[in-house]
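Enquirer:
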Amino acid sequence: MKRRNIRELETSEVWDRLFDCLINTFYYQLRQQLGYPFGTFTPEPVIRFGGFDLQEPWLDKNKKTNIRCGWHRREPFCRIGELVIYNRYIYLNKLFLYQQLGFQLYYLNPKEFTKLFNLDNLMKVMAHELAHALLTDLNPQSQEVNQGHGKKHDEYTQKFLDLIIKSSEYQQLKKYWK
Ligand SMILES: [Zn+2]
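Numbering (the working numbering), first residue to last: 30 to 207.
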């Protein structure tokens with residue numbers, strides 16, 4: 030295999046596979062734990078990792094720096110023949126990967142950059158987006174107001190985070206993530 034191809038794999042496909050796996054693992058582990066195993070929803074949604082995408086920070090009206098660390102997209106409806114498919118996509122900012130690879134972008138202060146894009150925050154962002162994905166089917170009303178944020182969302186984000194922190198996958202990640 031050519032060297033360039035190896036580098037492309039290192040920066041993209043491998044990470045996509047890993048996060049596809051983590052997102053699905055945590056999503057179904059929590060559903061199982063709460064008594065909503067696969068088959069509870071008809072049809073079952075498809076939970077997908079949309080990928081790492083580079084997002085730039087911006088200044089809000091109070092001159093405070095904001096950045097999208099993670100986000101989600103829901104396809105309300107998709108039909109192929111008689112099959113109805115509900116896709117739930119979770120995306121992550123590529124700056125998480127850059128931090129891991131030692132590449133600092135946009136942020137001058139290394140401490141600020143690391144604080145935003147370290148492993149702890151990556152897990153918090155994943156928990157936050159997973160809570161949106163699960164509540165979309167479990168408690169759709171909660172996702173229709175205040176961009177899906179509020180008590181229910183806080184509660185499920187915490188449930189996901191507790192599960193993630195205790196998981197063997199997270200313990201593995203901690204060994205090689207900066
Ligand atoms: Zn949110």
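The beta carbon of each residue, even a glycine, is placed where N, CA and C say it ideally should be.
Mind pulling the beta strand (DSSP E) runs of 3 or more residues that sit fully within the stretch 90–159?
Expert: 99–103 and 116–122
Enquirer: Ordered along the chain, which non-local residues of its own chain (more than five positions away) have a Cβ less than 7 Å from that of LYS86?
Expert: According to the sequence provided, residue 86 is Pro. The question's Lys does not apply to it. Excluding sequence neighbours, PRO86 sits near THR94, ASN95, ILE96 and TYR135.
Enquirer: Over what stretch of residues does the alpha helix (DSSP H) that includes VAL75 continue unbroken?
Expert: Element bounds for VAL75: not the alpha helix (DSSP H) but the beta strand (DSSP E), 75–82.
Enquirer: Is it a yes or a no for the stretch 72–80 touching the stretch 106–125, going by three-plus beta-carbon pairs under 8 Å?
Expert: yes
Enquirer: First and last residue of the alpha helix (DSSP H) that includes PHE189?
Expert: 180–195
Enquirer: With H, G and I counted as helix, E and B as strand and the rest as coil, what does DSSP make of TRP206?
Expert: It is coil, neither helix nor strand.
Enquirer: Please classify CYS107: is it buried, with 16 or more other beta-carbons within 10 angstroms of its beta-carbon, or exposed?
Expert: exposed
Enquirer: Closer than 8 Å is the cut-off here; do at least three beta carbon pairs connect the stretch 179–191 with the stretch 156–166?
Expert: yes
Enquirer: Rank PRO139, PRO72, HIS178 and LYS144 by C-alpha distance to the C-alpha of HIS157 and give the top, closest one.
Expert: HIS178
Enquirer: Quick check: the Cα distance between LEU202 and LEU148, rounded to an integer number of angstroms?
Expert: 9 Å
Enquirer: Would you say the beta carbon of GLY177 is closer than 7 Å to some non-hydrogen atom of ligand 1?
Expert: yes
Enquirer: Out of ARG103, LEU59 and PHE55, state which residue places its alpha-carbon closest to the alpha-carbon of PRO74.
Expert: ARG103
Enquirer: Got a sec? Which residues, its chain only, sit under 6 Å from THR71 by beta carbon, not counting five neighbours each side?
Expert: none
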